[in-house]
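Since the structure comes first, as C-alpha cells, the remarks are kept for the end.
Residue numbers (the numbering used here): 6 to 535.
Okay, here's the thing in C-alpha cells:
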C-alpha cells in the first residue's frame with residue numbers, strides 16, 4: 006500500500022499542510038495467536054496434495070501448490086494497481102501481464118496490530134466464499150510506524166531522472182520535477198541529494214549535496230531540478246550505471262543510501278534487456294548496500310522492466326499518474342521508505358494436511374521462494390519500512406468435516422542493523438472460517454475485492470491476448486459486474502474505496518461484462534467463471 010497543488014508555492018503548501026490522502030481499509034478481525042515460531046506441519050506421504058481439483062469438476066485451469074507449504078518474499082509494490090487505474094481511466098483494459106494481484110491487495114493498508122519493536126506482527130483471519138467448500142484466508146503482517154522524523158538515520162538519495170523525448174508528454178517529466186521539489190522541501194537538513202539525468206547518455210547534474218540548515222543546499226537542488234529538460238532517446242542502462250556510480254561516490258556511512266528512479270521505463274537505446282541492466286544493480290546492492298525505489302510515470306510504461314529492476318535492487322515500485330499520486334508518494338511513501346524495519350523478509354504459510362484439502366496463494370507469482378530456503382538468510386527477501394502492512398490472500402478448501410488447526414503463518418526477517426534473524430508466527434483454525442465473506446470485517450472484504458479485481462482484469466483480456474502462463478482466476482471469482490456491486494456495498498466510502506469502485510466500473514464497461522452472465526458458465530468472451 007504513497008498529490009500536489011497545481012503550481013508554485015501552492016505545491017509546497019499542499020505537501021506540508023494537507024497531510025496524507027492515504028486512507029486505510031477499516032477493521033481487522035485477525036487475532037495474533039502466537040508469538041513464537043512454530044514448526045511447519047510435516048508433508049503428507051508422497052509430498053503431494055489431495056486429488057487435483059480438475060479430477061473433481063473437469064476443469065483443468067486450476068493450479069495448486071504441490072505440498073502443504075507456501076513460501077514467498079514479502080512485497081509492498083503498488084505500481085501494478087496504479088498503472089491499471091490509469092489505463093482504465095484512459096478507456097483501455099490493461100495488459101494481463103502487468104496485473105499483479107498482490108500489488109492490488111497491498112495498495113490498501115490495513116489496521117493490523119503493530120509490534121512494539123522492529124519486525125512484524127502476524128494476524129491471520131478468513132471467511133467462506135460463495136463457492137461451496139472454498140474460503141479465503143488472509144495473512145496480515147505489519148511493522149511499527151515511525152517514532153518521529155528525528156529518530157531515523159540520515160538519508161543519502163540519488164535521484165535518477167529520465168529526460169528522454171518520451172518524458173515530454175504532460176504528466177511525465179513535469180510531474181517528476183514538481184515531485185522532486187516537494188521531496189526536497191520535506192527532507193531533513195542532515196539528508197543529502199544527488200541528481201542524475203539520462204536520455205541517450207547520462208550525466209551527474211548534482212553530486213551528493215547535504216541540504217543543511219542555511220537553505221543553500223536546498224537552493225542548489227531546486228536549481229538543478231528546474232534545469233531538467235526532455236531531450237532524446239532512452240538509455241536506461243546509462244542512467245542506472247551513472248546513478249549507481251554517483252550513489253557509490255556519495256555514499257554516507259550510517260545513512261540510508263538509496264537510488265530513486267523516475268522513468269517511464271521505455272528503454273530503446275544501449276542495453277535494453279532487463280538482465281543486462283540488472284547485473285549493475287545487484288552488484289551495488291551487495292557491495293554497498295544501496296537499494297532502489299522505482300517511480301513509474303506515463304500512459305505508456307515499461308512495467309515489467311521497472312518491476313524487475315526494483316526486485317533486483319531490493320527495493321519497491323510505485324506509479325504516479327497525477328499530482329495527487331505524486332504528493333502521496335513523495336510526501337508520504339518515500340519518507341517511509343528511507344528507514345527500514347526489516348531486511349530480506351520472507352513468509353511461509355504451512356497448511357495442516359489433516360484439515361486442508363487444497364490451497365493456493367493469490368498473486369506473488371514473481372516472488373516465490375523455495376520452501377527449503379525460508380530459513381536460508383542468504384536468499385533475498387523483501388525490504389520493509391516503518392508503518393507498512395503486507396497482505397497475502399489464500400484460497401483454501403478444507404476437508405469435509407475437518408476441525409482444528411488449519412494453518413500457521415511464519416515471517417522471518419533480518420534486523421536492519423545487526424542482520425540477526427528473527428521470526429514471528431500466527432495461527433488460524435477451521436472454526437475461524439465459519440463466517441461468510443459478505444459479512445466479514447471490511448478490511449478482509451476490501452482485500453478480497455482487490456484480489457478478485459486483479460483476477461477479473463486478467464480474465465477480461467480479448468481472446469488470444471492472455472498469457473497462458475498466468476494462473477487461472479481464484480475459486481469464487483465473481484464477474485466484474487458483480488464485483489462492482491460488492492465494491493459499491495462496502496460500508497466505508499473512503500477516497501481509496503471510491504477510486505477502487507470507479508476502476509471496477511470502468512473495467513466492467515470496457516469488457517462488456519453483464520449482470521446476466523451466470524456464474525459457472527462461459528461469458529461472451531469465453532472465460533470460465535468460478
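In this text, a Cβ means the ideal position worked out from N, Cα and C, and glycines have one as well.
Selected residue, minimal CA-CA separation from residue i, among the options
i	options	result
residue 559	271, 322, 329, 447	What the structure shows of the chain is the stretch from 6 to 535, and residue 559 is not part of that stretch, so it cannot be assessed.
residue 512	82, 91, 496	91
residue 136	490, 478, 504	478
residue 206	224, 242, 189	242
residue 388	317, 362, 465, 368	317
residue 463	96, 275, 101	101
residue 449	396, 504, 73	396
residue 230	238, 267, 256	267
residue 314	173, 288, 292	288
residue 358	407, 377, 329, 372	407
residue 285	269, 304, 251	251
residue 76	498, 476, 398	398
residue 375	351, 356, 343, 484	351
residue 495	446, 356, 183	446
residue 160	433, 296, 419, 481	296
residue 411	394, 405, 433	433
residue 256	304, 294, 483	294
residue 81	516, 227, 390, 487	390
residue 184	166, 253, 197	166
residue 360	139, 127, 121, 483	139
Unbroken alpha helix (DSSP H) run spanning residue i, endpoints
i	result
residue 73	Counting along the chain, residue 73 falls outside any alpha helix (DSSP H), and DSSP gives it neither H nor E.
residue 354	Taken as a continuous stretch (DSSP letters only), residue 354 belongs to no alpha helix (DSSP H), being part of the beta strand (DSSP E) at 347-356.
residue 457	447-464
residue 306	Counting along the chain, residue 306 falls outside any alpha helix (DSSP H), and DSSP gives it neither H nor E.
residue 184	178-191
residue 331	328-333
residue 509	500-516
residue 85	84-94
Any non-hydrogen atom of the ligand MN closer than 7 Å to residue i Cβ
i	result
residue 493	As presented, the structure is devoid of all ligands, the ligand MN included, so that no description of it is given.
Where the beta strand (DSSP E) through residue i begins and ends
i	result
residue 365	361-367
residue 403	394-403
residue 298	296-301
residue 322	321-324
residue 387	387-389
Per DSSP, the bridge partner or partners of residue i
i	result
residue 433	412
residue 344	Bridge partners of residue 344: none, in fact.
residue 167	203
residue 476	Answer is none; residue 476 lacks a bridge partner.
residue 488	The partner list for residue 488 (beta bridge, DSSP) is empty, contrary to what the question assumes.
residue 427	418
residue 77	352, 373
(Q) Just to confirm the assignment: which complete alpha helix (DSSP H) runs, minimum length 4, are found wholly within the stretch 105-162? (A) 106-110
Q) Three or more C-beta pairs closer than 8 Å, one from the stretch 79-91 and one from the stretch 109-128: is that the case here? A) For the pair of segments examined, the stretch 79-91 was found to touch the stretch 109-128: the number of CB pairs separated by less than 8 Å reaches three.
Q. When the Cβ atoms of the stretch 409-426 are set against those of the stretch 176-185, are three or more pairs found closer than 8 Å?
A. no
**Q.** beta strand (DSSP E) runs wholly inside the stretch 193-266, at least 3 long, in chain order
**A.** 197-203, 207-215
Q) Counting pairs of Cβ atoms below 8 Å between the stretch 446-457 and the stretch 372-383, do you hit three or more? A) no
(Q) Across the stretch 214-225 and the stretch 234-253, are there enough close Cβ pairs to call them in contact, namely three or more that are closer than 8 Å? (A) Result no; under three Cβ-Cβ pairs closer than 8 Å.
Q: Pair every Cβ in the stretch 287-306 with every Cβ in the stretch 321-338, then say whether three or more of these pairs are closer than 8 Å.
A: yes
Q.
Using 8 Å as the cut-off, can you tell me whether the stretch 426-446 makes contact with the stretch 122-140, which would need three or more C-beta pairs spanning the two stretches below that distance?
A. Between the stretch 426-446 and the stretch 122-140 there are three or more C-beta pairs closer than 8 Å, enough to call the two in contact.
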